[in-house]
Every structure is written in structure tokens, then in C-alpha cells.
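The block underneath contains the structure these notes are about, expressed in C-alpha cells.
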Amino acid sequence: MYTRQNQKNMTSAQRAKFVRAVLKLKSKGIYDDFVRIHGQYYVSDGDTGLRVGHMTPSFFPWHRRLILEFERKLQSVDSSVTLPYWDWTRDNAKTSSIWASDFLGGDGRRSDGQVMTGPFAYVNGNWPITVAVTDEKYLTRQFGRPDRPIGLPTKADLDKAIAESVYDTSPWNSTATTKGFRNRIEGWTVSETQGGLLHNRVHQWVGGHMTGATSPNDPVFWLHHAFIDLIWLRWQRKYPKSGYLPARPLAASDPQHGRVVSLNEPMPPWNTKPSEVMNLQNIYRYEEN
Amino acid sequence: MSEAKENGGGKASPSAHTRRRVLRAAFTAAVAVTGTTAVLHPIITAGESDAGKTGSGRSDAGSDRAGSAPAAAAGAFDEVYRGRRIQGVPTGTADAATTEGSPVVILIDGRQLHVMRRADGTYLSVANHYQPYATPLDTARGAVDVIGGAKLSLAGGAYHH
Ligand SMILES: [Cu+2]
Ligand SMILES: [Cu+2]
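Protein chains in written order, with this note's numbering: chain A, 1 to 289; chain B, 1001 to 1161.
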């Protein structure tokens, strides 16, 4: 059992260790495998085929499994490293310590979005972008979406979503007819000008690579999704009797049959069932302050 | 982690999946070889149309995309946005497999912007996976907002389903 820390409480030695482990995975090519996998399993709900990662009930368990796999790889490099999380409801400034040059580095520059500070700045030599939808080799960010400014989600936004006692509902996708906790946290159900809600809003706010199909290119992806994982855990504690839905495979007559994963069906690429990651308290806990 | 690649994207029938990839690759290759969109120009039937100006409403193309060839032609556009040439090129076919479910293929400076459709008919592009847009034109402009002056990668379609 180990602890995932709030990133703001990490010592400079812990920050350095985490960064070193991430850079090591990058140099071994392992990091980029995660960028590919995340993109590959991003299937939209207007498409046919199984959706495990997004616009789907298994958004939470699939990402819980993904970040656990990444954490295991980090620990194969340095067994004392754990994933930190970023509480964006509190550390919501462009100058928060998460963006310091000894940790994730800062905002992209105005001209081309290129991150110029910290260990993940291209100019510092250890973070070439190789799996991307553009040809640029440098990591990009655009904090707050300067063209049409947005802020990070607030605690009130988050509390409203956590208050939702039902996990998910038919039609089990990203449309406004799908009620429940999962779809509210994913954050599709809002107009373009508002830049999405909660989970989606954070991807938008960071900007650059975090906005696109290869979002894990930005290491903040892992800290964001560790917090998303903690949010799910908080919801699980608040509503211990509200389980994962759908609990059983959907009927063949259901339009979403074969397209979403129920409680005991396997999620690729690990073939892990949502039921297997419902409770991982014997593996890790979160430091909640 | 290599098992992921072999497993494909999930339960979609392997043949459909492969076919779509093949068609997509063929299209991308055509654009790459010419280096421009000259080969596509003859089938652009209109400049910016009113389809691009209805940004406030949600597209309903998702409900009947298979039979929307006339609407597809109307969705064409060709403009310079923030220094980038963005084009919506009707494919002249209703086969969603060639066009990723979009009535037009979106190009930015001649390179294809890969897109996906949401169940409500809105669009996502590889440049922006967390923000839906109502029309292909909005999608193209939104992509430029994210990528700025960066060139789209020819491999871009490989990074989403
Ligand atoms: Cu994701
Ligand atoms: Cu995410």
C-alpha cells in the first residue's frame, strides 16, 4: 500500500524523483506507448465500435486502470515513486507551483505555444514529441485558452456533479440525455463557448497537446487523471450503495449493445473488468489535503 | 503494451475497421503525393456556404449521415483563417467510411484534419478531442485555434480510432 500525494505537498526531492522517472520512461520509449494507447481507445459515440475510454460508463475504470499501469512503469524505474494528483479547484493559477521549472514547467509562449521552461521543454533536450497530430517536436500549452478565455472548474462545479447519486444512465453516451455522475464529470454537455465542463474543461484550459488526440504527451495528463480518479473515489464513498452501471451486459436489442462495457465485461487492452478496479484501497490511497 | 495494437479498437468488426483504415490511408496518400489539393478542386462546388454560418445550432447530420449527399455539397468551404487555408471538400460520396462520418473532408493547408462524430451529430478533430463543434467549418477553425501555425502530421489519423 502506498500513497498518492497532492502535488502541492511534494518536497523538491519528491518532485525531482517523479520527473526523473518520467524522463526515464520517455527515453526508453515506454512513455510514448501510453500516448498511443490513449489515442487508440478514444472512440467517439457517433462512431461504431466499443468505447472504453470516453463518452462511456467505463470512463472512470478505464482511466483508473490506465494510470495504474503508468504508475507501475514509473515504479519499475524507481520503486519509491507514486503518481501525484492535481486538485485544479484549488491550484488554479497560471503561476501555481505545479508549473514551476523544477516540476512540470510553465505556460507555452505566445507565438507558437512552445513550453520553454522545465524538464519537459523541448529546448532542454529530454522531451521530444514523437507521437502527435502535428509535425512540431515541442510540447505546447495555452493556459486559459487566451482567444476565448476560460477558467478551471470550481469546487462548486465539482460538488454539484458529485452530488449526483446515479452513476450513469441510458443511452450511456456523451449526449445530454445521458444523466448521472459519469457524464457530468466527463463534461460534454455544454456549449462550445463555455469550453466544456470539469474533466473536459481542464484539458481545454491547459491547451496545446492536452487538448488533442495525444493529450498524454503533456505529463500533467497523469496528475489530472489521478485527481479524476480521486473524484470517483469520493463519489464511491458518498454513495456506497450506488454501484457501477450498467451492472449487466446490455440486451442485443439495445443500440449500445457491444459498444459499452458493463460491470463484469473486460476492458481492452488489459482485459480488466470494471468490477476488478472498483476498490483498490489495498494498493494505493490518496493523501487528501 | 504491444497487445493493444493487435487488439484493434475493440469489438468493431475487423474487416470494417481495416477497410476504413485502408480508405483513409489512400486519401491521405493522394493529398501527400500532390502536395496540394489540386486533385480535389474539381469537386468543390461552392465556396463558404450558409452551412458554415449556423454555428449556434447543432448539426443534425448524425441522424441521417448516410443519405446526406446534397447537404454535403452545401457544407463546402474554402477560406483563410488566421493565416491557414482551411477547406471543406465534399467527397461526392455518401460512404461515411471514406470521410470519417463527415460530409466533407477537412484540409488545413492541404493536409487532412481527421475528425470523429458525436452521437448528437457534432464533430471532434484530432486537434481538439475535448471540444465538440457544430459544423466542419467550426471544427476547422477550432483546430487552427489549437495548433496555430503547426503543420498537421500525415500520421495524424493513426492517433484516434
Ligand atoms: Cu482519456
Ligand atoms: Cu482526460
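Just so you know, even glycine gets a beta-carbon here, dropped at the ideal spot from N, CA and C.
In this text the structure is predicted, and so the values were computed from the model without any measurement.
If we call anything under 8 Å between Cβ atoms a contact, is GLY125(A) one with THR117(A)? no
Beta-carbon proximity of MET267(A) to ARG65(A), cut-off 8 Å: yes
Considering only C-alpha positions, which residue in the set VAL22(A), GLY151(A) and ALA132(A) is nearest to ASN200(A)? GLY151(A)
Does the beta carbon of SER215(A) sit closer than 8 Å to a beta carbon anywhere in chain C? Although the question refers to chain C, the structure presented lacks it and instead comprises the protein chains A and B.
DSSP three-state call for THR189(A): helix, strand or coil? coil
Is the region 227-247 of chain A in contact with the region 275-288 of chain A, if contact means three or more CB pairs nearer than 8 Å? yes
Report the neighbours of GLY113(A) on chain B: residues whose CB is nearer than 9 Å to its CB, in chain order. VAL1146, ILE1147, GLY1148 and ALA1150
Pull up the DSSP beta-bridge partners for GLN114(A), would you. Note: GLN114(A) sits in a beta bridge opposite THR140(A).
LYS26(A) classed as buried or exposed, judged by whether at least 16 other C-beta atoms fall within 10 angstroms: buried
Compute the beta-carbon to beta-carbon distance between GLU71(A) and THR89(A), rounded to the nearest angstrom, for a pair I have assumed lies under 8 Å. In fact, because the Cβ distance is near 23 Å, the residues do not count as touching under 8 Å.
Quick check on LYS155(A): buried or exposed, where buried means 16 or more other Cβ atoms within 10 Å of its Cβ? Result: exposed.
Residue-chain proximity (ALA1140(B), chain A), Cβ-Cβ < 8 Å: no
Would you identify the three-state DSSP class for GLN256(A), choosing helix, strand or coil? Looking at GLN256(A) - three-state DSSP - the assignment turns out to be coil, as it is neither helix nor strand.
Pull out every residue of the region 62-93 of chain A whose Cβ sits closer than 7 Å to any Cβ of chain B, in chain order. none
Am I right that TRP205(A) and GLY144(A) are in contact with their C-beta atoms under 8 Å? What's the rounded C-beta distance? Sure, about 6 Å apart at Cβ, within 8 Å.
Excluding the 5 residues flanking GLY1142(B) on each side, which residues of the same chain have their C-beta closer than 8 Å to its C-beta? Contacts found: SER1125, ALA1127, ASN1128, GLN1131 and TYR1133.
Tell me whether GLU1100(B) sits in a helix, a strand or coil according to DSSP, three-state version. coil
Contact list for GLN964(B) against chain A, beta-carbon separation under 8 Å: Residue coverage of chain B in this structure runs from 1001 to 1161, which leaves residue 964(B) outside it and unanswerable.
Check this for me: beta carbons of PRO219(A) and ILE37(A), under 8 Å apart or not? no
Residue-chain proximity (PRO1132(B), chain A), Cβ-Cβ < 8 Å: yes
Indicate whether THR214(A) and ALA132(A) have their beta-carbon atoms separated by less than 8 Å. Yes, they are a contact pair.
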